[in-house]
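Undergrad: First the structure, which I've put down as structure tokens, then a few questions once you've had a look.
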Ligand SMILES: NC(=O)c1ccc[n+]([C@@H]2O[C@H](COP(=O)([O-])OP(=O)(O)OC[C@H]3O[C@@H](n4cnc5c(N)ncnc54)[C@H](O)[C@@H]3O)[C@@H](O)[C@H]2O)c1
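Residue numbers (this note's numbering): 448 to 878.
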């Protein structure tokens with residue numbers, strides 16, 4: 448298993464100027480004489496500012512510029528980035544004038560493709576927030592562009608940098624769960640996603656501002672809950688299963704927040720995966736595993752977690768804590784009794800199943816805990832990405848192929864919801 452650099456060393460790296468100059472192909476990666484990687488951030492809204500704050504704690508990074516075409520957000524970004532960072536309302540001018548070595552893209556989903564392409568064309572390595580693209584077609588084109596370059600590219604699915612999920616992957620790989628037979632995941636929240644618009648409803652710019660701030664609620668700009676939340680969890684499933692789904696059935700709608708939004712406020716999906724037995728099983732025949740995913744905006748009881756079930760154990764995963772429950776084995780329901788001659792004879796009692804409990808707690812026992820309290824997977828993913836930039840190692844922890852598979856996984860669910868039919872995962876993206 449390949450661990451993110453940051454997880455294998457648990458330390459940040461510091462690049463010396465001499466080391467940088469010795470590697471001709473990476474010479475423009477580093478700020479002159481400072482030994483730092485010159486980073487620019489495009490889109491300094493909620494997530495972009497988070498990323499700026501994390502980057503400002505990473506010694507190897509120098510934030511040389513931030514760009515946002517909405518003044519209040521640009522101001523926030525500048526405040527977190529520090530005085531050395533130049534500000535631009537036009538990101539293309541920034542690319543041209545600053546020529547950053549690394550561009551972090553945190554604009555709304557519908558702009559990911561164009562901004563990533565422009566950043567790649569400027570020669571920069573690119574970190575793009577999830578979901579990689581708004582459509583599968585854009586994803587294919589972006590993947591082809593990245594594969595045809597020597598540029599480092601990473602998608603911001605930060606669980607890939609989280610020690611809990613890396614531990615879980617190792618547990619599954621070594622067979623601790625036995626045969627994987629099912630998975631269940633959800634991201635349930637109780638909030639409406641709508642952001643307030645800072646001008647009166649009658650203001651000429653209200654409409655434009657509302658769309659800008661609430662882009663998540665409109666299909667032209669957003670792919671709704673599946674892209675904003677489901678992408679994280681379906682990435683975990685693709686990763687843990689080392690596979691893409693075969694197909695998906697899904698349903699969803701605007702059933703609670705009827706406020707003019709176009710994206711569903713609740714979605715329910717059933718994915719099918721075809722997996723190969725790997726752990727000492729006699730049969731080598733591929734078999735089907737089903738995964739349910741749901742996302743809500745009106746009840747937060749279950750929060751966000753993934754449950755991966757196997758014949759020997761169950762993994763309950765969140766970004767702060769993981770739990771491994773080992774199975775006790777099949778229930779003895781008392782149906783099989785020895786007869787007088789000592790051979791087995793089946794006795795099925797009518798109306799009552801003996802010794803079988805439906806108590807959900809009875810099967811769990813004391814779990815093995817995997818802890819990441821105090822961990823910060825967003826910072827870890829950036830540290831890992833910058834290591835790859837320094838090393839010119841194109842196989843990042845979430846490269847363009849993983850990003851494309853992830854985007855296609857969530858986009859076929861939206862297609863299934865719209866078409867009210869089962870949708871197949873594109874064959875050419877399965878392996
Ligand atoms: N990995 C995670 O956990 C995580 C969390 C939140 C958001 N995200 C992702 O980050 C991205 C941004 O989400 P957000 O919540 O920060 O949205 P946001 O609306 O808060 O921020 C987006 C910013 O992009 C700016 N922008 C729009 N067009 C631009 C342009 N042409 N040039 C420069 N800036 C432009 C907007 O003005 C805004 O400030 C989305 O893709 C989202 O899915 C990821």
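For glycine and all other residues, C-beta sits at the position ideal for the given N, C-alpha and C.
#1: On the criterion of 16 or more Cβ atoms from any shown chain inside 10 Å, does residue 617 qualify as buried, or is it exposed?
#2: CB residue 508 to CB residue 833, shorter than 8 angstroms?
#3: If we count the other Cβ atoms within 10 Å of its Cβ and call it buried at 16 or more, is residue 585 buried or exposed?
#4: With a 10 Å radius around its C-beta and 16 neighbouring C-beta atoms as the bar for buried, classify residue 846 as buried or exposed.
#5: Starting from residue 700 and walking both ways along the beta strand (DSSP E), at which residues does that stretch end?
#6: State the beta-bridge partners of residue 713 as determined by DSSP.
#7: Buried or exposed for residue 797, please, with buried defined as at least 16 other CB atoms from any protein chain shown within 10 angstroms of its CB.
#8: Give the secondary structure of residue 756 by DSSP, where H, G and I count as helix, E and B as strand, and everything else as coil.
#9: Is the beta carbon of residue 567 less than 8 angstroms from the beta carbon of residue 593?
#10: Grouping DSSP H, G and I as helix and E and B as strand, with all else coil, what is residue 581?
#11: Determine whether the beta carbon atoms of residue 542 and residue 534 lie at a separation below 8 angstroms.
#12: The beta strand (DSSP E) spanning residue 485 covers which residue range?
#13: Helix, strand or coil, according to DSSP, for residue 668 in the structure here?
#14: The beta strand (DSSP E) that contains residue 576, what's its start and end?
#15: Does the beta-carbon distance from residue 504 to residue 826 come in below 8 angstroms?
#16: For residue 491, is the beta carbon positioned less than 7 angstroms from some heavy atom of ligand 1?
#17: Using the rule of at least 16 other Cβ atoms within 10 Å of the residue's Cβ for burial, across every protein chain shown, is residue 650 buried or exposed?
#18: Sorted by chain position, which residues of the same chain lie with C-beta nearer than 7 angstroms to residue 529's C-beta, five sequence neighbours on each side aside?
#19: Tell me the rounded alpha-carbon separation between residue 539 and residue 565.
#20: Bridge partners of residue 735, per DSSP?
#21: With a floor of 3 residues, list each beta strand (DSSP E) that falls wholly inside the segment 535-559, ordered by position along the chain.
#22: Give me the Cα-Cα distance between residue 555 and residue 580, rounded to the nearest whole angstrom.
#23: In whole angstroms, give me the CA-to-CA distance for residue 544 and residue 710.
#24: Ignoring anything shorter than 3 residues, give me the beta strand (DSSP E) runs that lie fully in the segment 608-688, in order along the chain.
#25: Take residue 692 and list the residues in its own chain whose beta-carbon comes closer than 7 angstroms to its own, dropping the five residues that flank it on each side.
#26: Quick one, are the C-beta atoms of residue 552 and residue 577 less than 8 angstroms apart?
#27: Could you give the distance in angstroms between the alpha-carbon of residue 843 and the alpha-carbon of residue 572?
#28: Roughly how many whole angstroms lie between the Cα atoms of residue 715 and residue 859?
TA: Considering the structure as presented:
#1: What you label residue 617 is simply residue 170 of the chain shown in a count that begins at 1. Exposed: under 16 other Cβ atoms inside 10 Å.
#2: Translated into the one-based positions of the chain shown, residue 508 becomes position 61. Translated into the one-based positions of the chain shown, residue 833 becomes position 386. Cβ distance < 8 angstroms, so residue 508 and residue 833 count as in contact.
#3: Position 138 of the chain shown holds residue 585. Buried, by the Cβ-count rule.
#4: Locating residue 846 in the chain shown gives position 399, where the first residue counts as 1. When all chains shown are included, residue 846 counts as buried.
#5: Against the chain shown, residue 700 aligns to sequence position 253. If you look at residue 700, you'll find it in the beta strand (DSSP E) that goes 694-700.
#6: Here residue 713 refers to the residue found at position 266 of the chain shown. Residue 713 is bridged to 700 and 743.
#7: For the purposes of this step, residue 797 is taken as the residue at position 350 of the chain shown. Reliability of the predicted coordinates at residue 797 is poor, the pLDDT of 47 falling under 50, and the value obtained from them is presented with this limitation in mind. Answer is exposed; the Cβ neighbour count stays below 16.
#8: For the purposes of this step, residue 756 is identified with residue 309 of the chain shown, where counting begins at 1. DSSP places residue 756 in strand when its eight states are reduced to three.
#9: Working through the chain shown from its first residue, we reach residue 567 at position 120. Working through the chain shown from its first residue, we reach residue 593 at position 146. It is a contact, given that the beta carbons lie within the stated cut-off.
#10: On the chain shown, residue 581 is found 134 positions in, with the first residue counted as 1. Looking at residue 581 - three-state DSSP - the assignment turns out to be coil, as it is neither helix nor strand.
#11: Walking along the chain shown from the start, residue 542 turns up at place 95. Walking along the chain shown from the start, residue 534 turns up at place 87. No, the Cβ-Cβ distance between residue 542 and residue 534 is not below 8 angstroms.
#12: As a working mapping, residue 485 is identified with position 38 in the chain shown. That run of the beta strand (DSSP E) goes 484-489.
#13: Start at 1 with the first residue of the chain shown, and residue 668 comes out as number 221. Residue 668: coil per DSSP, three-state reduction.
#14: Counted from its first residue, the chain shown places residue 576 at position 129. It spans 572-576 - the beta strand (DSSP E) in which residue 576 sits, taken as one unbroken run.
#15: Counted from its first residue, the chain shown places residue 504 at position 57. Counted from its first residue, the chain shown places residue 826 at position 379. Yes.
#16: By 1-based counting over the chain shown, the position of residue 491 is 44. Yes.
#17: Numbered from 1 along the chain shown, position 203 holds the residue referred to as residue 650. By the 10 Å Cβ count, residue 650 comes out exposed.
#18: The residue given as residue 529 occupies position 82 in the chain shown. Cβ neighbours of residue 529 beyond the five flanking positions: 503 and 510.
#19: Reading the chain shown from its first residue, position 92 is the one you call residue 539. Reading the chain shown from its first residue, position 118 is the one you call residue 565. Answer to the nearest angstrom: the Cα atoms are 7 angstroms apart.
#20: Within the chain shown, the letter at position 288 stands for residue 735. Answer is 721.
#21: 549-552
#22: By one-based count along the chain shown, residue 555 stands at place 108. By one-based count along the chain shown, residue 580 stands at place 133. Taking the straight line joining both Cα atoms gives about 10 angstroms.
#23: The residue labelled residue 544 in the question sits at position 97 within the chain shown. The residue labelled residue 710 in the question sits at position 263 within the chain shown. Going by the C-alpha atoms only, they are around 38 angstroms apart.
#24: 627-635
#25: Within the chain shown, numbered from 1, the residue matching residue 692 stands at position 245. For residue 692, where only same-chain residues beyond five positions count, the Cβ hits under 7 angstroms are 718, 719, 720, 856 and 872.
#26: On the chain shown, residue 552 is found 105 positions in, with the first residue counted as 1. On the chain shown, residue 577 is found 130 positions in, with the first residue counted as 1. Against a cut-off of 8 angstroms, the Cβ pair of residue 577 and residue 552 comes out as no contact.
#27: Your numbering for residue 843 matches position 396 in the chain shown. Your numbering for residue 572 matches position 125 in the chain shown. Taking the straight line joining both Cα atoms gives about 11 angstroms.
#28: Counting from one through the chain shown, the residue named residue 715 turns up at place 268. Counting from one through the chain shown, the residue named residue 859 turns up at place 412. Each residue's alpha carbon lies about 13 angstroms from the other.
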